[in-house]
Every structure is written in structure tokens, then in C-alpha cells.
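Novice: Note that the working numbering has the sequence shown beginning at 39, numbered continuously upward. Take a look at the following structure, please.
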Amino acid sequence: MISQSGPQRYISDNKAYDELPGFMNKLKVRTVLFLHGEKSLAAAQPYLPAWPDDVKVVDVPFGGECSFEEIDRVKAIADENDVDMVIGLGGGKVLDTSKSVTTGTHRYLVLIPTLASNCSPWSAISVHYKETGEHINHNIYLETANLMLLNPKVILNSPIEYFVAGIGDTLAKFYESELIFEQLPEDQYTVALTISRQMANNCKAVLLKNSIGAVADMKAGRLTPRWRQIAETIIVMAGTVGGWGDDYGRASGAHAIHDALTIFPATAPHLHGAKVAYGILVLLAIENKVDDIRNLLPFYHKLGLPTNLADLNLGGIADSDIEKIATAAADPSTQMHFVPTEEPITAEVVKNAMLTVEDVTAAVEE
Numbered sequence: 039m040i041s042q043s044g045p046q047r048y049i050s051d052n053k054a055y056d057e058l059p060g061f062m063n064k065l066k067v068r069t070v071l072f073l074h075g076e077k078s079l080a081a082a083q084p085y086l087p088a089w090p091d092d093v094k095v096v097d098v099p100f101g102g103e104c105s106f107e108e109i110d111r112v113k114a115i116a117d118e119n120d121v122d123m124v125i126g127l128g129g130g131k132v133l134d135t136s137k138s139v140t141t142g143t144h145r146y147l148v149l150i151p152t153l154a155s156n157c158s159p160w161s162a163i164s165v166h167y168k169e170t171g172e173h174i175n176h177n178i179y180l181e182t183a184n185l186m187l188l189n190p191k192v193i194l195n196s197p198i199e200y201f202v203a204g205i206g207d208t209l210a211k212f213y214e215s216e217l218i219f220e221q222l223p224e225d226q227y228t229v230a231l232t233i234s235r236q237m238a239n240n241c242k243a244v245l246l247k248n249s250i251g252a253v254a255d256m257k258a259g260r261l262t263p264r265w266r267q268i269a270e271t272i273i274v275m276a277g278t279v280g281g282w283g284d285d286y287g288r289a290s291g292a293h294a295i296h297d298a299l300t301i302f303p304a305t306a307p308h309l310h311g312a313k314v315a316y317g318i319l320v321l322l323a324i325e326n327k328v329d330d331i332r333n334l335l336p337f338y339h340k341l342g343l344p345t346n347l348a349d350l351n352l353g354g355i356a357d358s359d360i361e362k363i364a365t366a367a368a369d370p371s372t373q374m375h376f377v378p379t380e381e382p383i384t385a386e387v388v389k390n391a392m393l394t395v396e397d398v399t400a401a402v403e404e
């Protein structure tokens with residue numbers, strides 16, 4: 039088991055970005071590749087310090103997907119300009135692309151999240167997609183970021199749907215690891231696994247207690263301790279689950295459902311965390327925890343997270359299409375294989391679980 043706890047240095051403060059020039063100076067950085075989303079840059083710009091006069095900045099707008107084509111494009115620009123540091127500013131796909139560009143090189147990596155939508159800023163993982171948005175795979179790297187800067191004011195003013203999706207993605211940290219930890223013999227618990235499990239439990243407890251209020255705070259533009267706790271739970275606490283727990287705390291069944299859903303373009307408008315949230319329900323059905331599904335539904339409804347196929351723009355899809363999702367999710371190459379069940383999780387098991395979710399959610403809504 040390998041633990042990677044997170045960035046080498048993490049700063050969360052309304053003036054966090056001000057640390058950047060001094061950090062570059064101490065590392066004697068002379069050329070920076072600045073990869074960013076356009077909307078993210080506009081949001082962060084009022085808080086960004088001036089670039090040092092002795093640093094050349096290569097400005098690179100993000101292409102839109104963390105695809106191998108985009109990674110190769112950015113790598114070529116970095117090589118051409120003999121870049122010392124890559125700064126990624128934006129959402130998870132920008133940050134994952136930045137990680138993919140710097141891994142295995144001499145280049146320093148700085149991550150500046152402008153959304154609280156997942157734990158990408160904390161993790162050493164990049165998730166790769168086709169240019170169409172269909173999931174390909176994920177890679178776990180040897181390195182973590184040299185520096186991660188979080189400005190709560192920037193994230194508070196980000197689109198609310200990303201924050202809600204982040205809550206869904208982070209809730210999965212508990213449900214995807216719970217059964218794994220439950221079945222782990224006590225004599226195999228290391229301190230790292232104890233930290234991982236505690237953080238997974240904390241994710242669930244904090245989110246279920248404070249998410250509804252935090253969303254209300256965000257809608258009202260209030261930077262409250264409650265809102266900040268949820269934002270940092272999504273980015274930091276969630277990242278420590280897999281960071282400390284390795285395969286015991288990694289994404290599993292709910293993310294396998296998400297990945298399979300990306301086959302269908304109709305689901306593209308729904309963010310990563312929203313699809314993962316639906317995947318939690320399917321995972322619980324696979325584990326025969328129907329009462330847990332019922333208990334979560336009021337929380338999902340208050341936040342607007344998807345609870346069935348119709349909510350994912352797949353209402354009325356053919357039985358063969360449900361089988362296609364189930365087959366993709368149950369493939370041995372997916373993260374579904376992390377789910378510890380007595381019998382293998384087949385496409386039929388996943389399909390039946392999806393239909394169970396349909397029945398349970400329909401009964402609740404009647």
C-alpha cells in the first residue's frame with residue numbers, strides 16, 4: 039500500500055494567491071506555463087498578484103477536456119518554451135491536465151482550484167476522457183503538487199451546480215469505502231488506513247449535517263464557517279481518503295457507474311459529481327442496502343442531485359441501453375472490482391441494481 043497525503047504545501051486564505059511570486063522566487067523559476075479556463079481566470083483575476091518581472095509567462099487557455107490530445111498539446115508548448123513550472127487554474131479537468139503534463143518531469147506544479155467540485159486539487163490522480171467527454175481511464179502519479187492555493191472568495195462566487203456536484207462526489211468517499219473497511223481484518227489496520235477511514239466517515243457526517251445550509255449560504259453570497267467547511271471537505275478531506283488509503287479508499291462502484299454513463303451523450307450536461315451521486319444509489323442497491331437509498335433520497339431531493347435515469351436525461355431508454363451501461367460498469371477493468379462482494383459483480387447484477395433504484399425512487403415520489 040502506498041500513501042500520498044496531498045500537496046507538499048497547501049494554503050487556504052483570501053490572500054492565498056499572494057504567496058505565488060515569493061514561491062517562484064525561492065525556486066528560481068524563470069518560465070511558467072499558465073494553463074487556465076477562461077471563466078476561471080476571469081473569476082480569479084481580481085485576486086491574482088502581478089507576475090514577477092523576471093519570469094516569462096506562457097499563457098495557455100484550456101482546450102476543454104483532460105484528453106490525451108490536450109495533454110500532448112500542452113506538453114509540446116511546455117517543451118518548446120523550456121518551462122520550469124506549470125500553474126493550473128480552474129476546475130478538475132484543468133488541474134488533472136496540469137498533473138498529466140508535469141508528471142515524470144523536472145517541472146514544478148502549482149494547482150489553483152476555482153471550484154469546489156471534487157478532490158482533484160489534493161490528489162495525485164488524473165482522470166482522462168476522449169474529446170467527446172467519454173471516460174477513458176485514470177492514472178495515479180508518483181508526484182503530488184508542490185503548491186496548492188485555495189481562495190475561498192473565488193470558490194464562493196463559482197457556479198452553485200459545481201458545488202452541489204462536489205457534495206455528491208465527496209459523499210461517495212464514504213459509501214465506496216465503507217464495505218471495504220468493514221471487511222478488513224483489524225490486524226491489517228495501519229495508521230494510514232485508520233486516517234483514511236476516519237476521513238471517509240467525516241465526509242459523510244459533515245456533508246449530511248451542513249450541506250443544505252452551506253448551499254443556502256453560497257446562494258446568498260455568505261462566506262460562513264459552515265460553507266467553508268463543506269468546500270474544504272470536498273477538496274481536502276475527500277482527497278485524504280484515497281491519498282492515505284490507496285486502493286482501500288479509492289473510488290469504486292459509484293465511479294464505475296459514472297464512467298459507464300459517459301457513453302451516452304445525453305448525460306453530458308450533468309457534472310461528474312452528479313453522476314457519481316446517482317452511482318452511490320446503484321452501489322447501495324448492489325449491496326442490498328435499500329433502506330440506505332431511501333434515507334438518502336430526501337437529501338438528494340433538497341440538493342437537486344439525480345436519483346434515477348430520468349434525472350440523467352435517460353428516462354425511457356431501451357432495456358438494451360440499460361444493459362450497455364451495466365456491461366460497461368461491470369467490466370473487470372473498471373473500479374467496480376474494488377467492491378468486496380462474495381460473488382462477482384456481473385452486468386446482470388448492475389442492471390438489476392439500476393432497476394431497483396428506479397423502483398425505490400418511483401415509490402418514494404408517489
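Built from N, CA and C at the ideal position, the CB exists for glycine as well.
Check whether the stretch 266-276 and the stretch 313-330 are in contact - that is, three or more C-beta pairs closer than 8 Å.
Specialist: Contact fails: fewer than three Cβ-Cβ distances are below 8 Å.
Novice: For ASN175, which residues in the same chain have their Cβ closer than 6 Å to its Cβ, ignoring the five residues on either side in sequence?
Specialist: The residues are HIS166.
Novice: With distance defined between alpha-carbon atoms, name the residue in LEU187, TYR286 and PRO197 nearest to THR228.
Specialist: The option with the nearest alpha carbon to THR228 is TYR286.
Novice: Count the C-beta pairs between the stretch 258-275 and the stretch 134-143 that are closer than 8 Å, then say yes if the count reaches three, no if not.
Specialist: At 8 Å Cβ cutoff, the stretches do not touch.
Novice: Tell me TYR167's beta-bridge partners as DSSP assigns them.
Specialist: According to DSSP, TYR167 bridges with HIS173.
Novice: With H, G and I counted as helix, E and B as strand and the rest as coil, what does DSSP make of GLY277?
Specialist: Helix.
Novice: Name the two residues that bound the continuous alpha helix (DSSP H) containing TYR200.
Specialist: Per DSSP, TYR200 belongs to the alpha helix (DSSP H) from 198-220.
Novice: Could you give the DSSP three-state label for TYR179: helix, strand or coil?
Specialist: In this structure, TYR179 counts as coil in the three-state DSSP scheme.
Novice: Considering only the alpha carbon of each residue, which of LYS389, GLN83 and ASP329 lies closest to LEU299?
Specialist: That would be LYS389, whose Cα lies nearest to the Cα of LEU299.
Novice: Starting from GLY128, follow the beta strand (DSSP E) in both directions and report where the run begins and ends.
Specialist: Per DSSP, GLY128 belongs to the beta strand (DSSP E) from 123-128.
Novice: Between the stretch 103-111 and the stretch 48-59, are three or more C-beta pairs nearer than 8 Å?
Specialist: No: the two stretches stay apart, fewer than three of their Cβ pairs being nearer than 8 Å.
Novice: According to DSSP, simplified to helix, strand and coil, what is VAL148?
Specialist: Here VAL148 sits in strand by DSSP.
Novice: Return yes when the Cβ of ALA289 is within less than 8 Å of the Cβ of GLU214, no when it is not.
Specialist: Their beta carbons are under 8 Å apart, which means GLU214 touches ALA289 by this criterion.
Novice: Which residues in the same chain as GLU396 place their Cβ atom closer than 6 Å to its Cβ, once the five residues preceding and following it in sequence are excluded?
Specialist: Answer for GLU396: ASN346, listed in chain order.
Novice: Using a Cβ-Cβ cut-off of 7 Å (strictly less than) and excluding sequence neighbours within five positions of SER41, which residues of its own chain qualify?
Specialist: Only ALA230, GLY281, TRP282 and ASP284 meet the Cβ criterion.
Novice: Which ranges does the alpha helix (DSSP H) cover as unbroken runs of at least 4 residues, wholly within the stretch 257-340, from first to last along the chain?
Specialist: You should have 263-270, 276-283, 291-299 and 310-324.
Novice: Is the beta carbon of SER164 within less than 7 Å of some heavy atom of the ligand MN?
Specialist: This structure lacks the ligand MN, and indeed carries no ligand of any kind.
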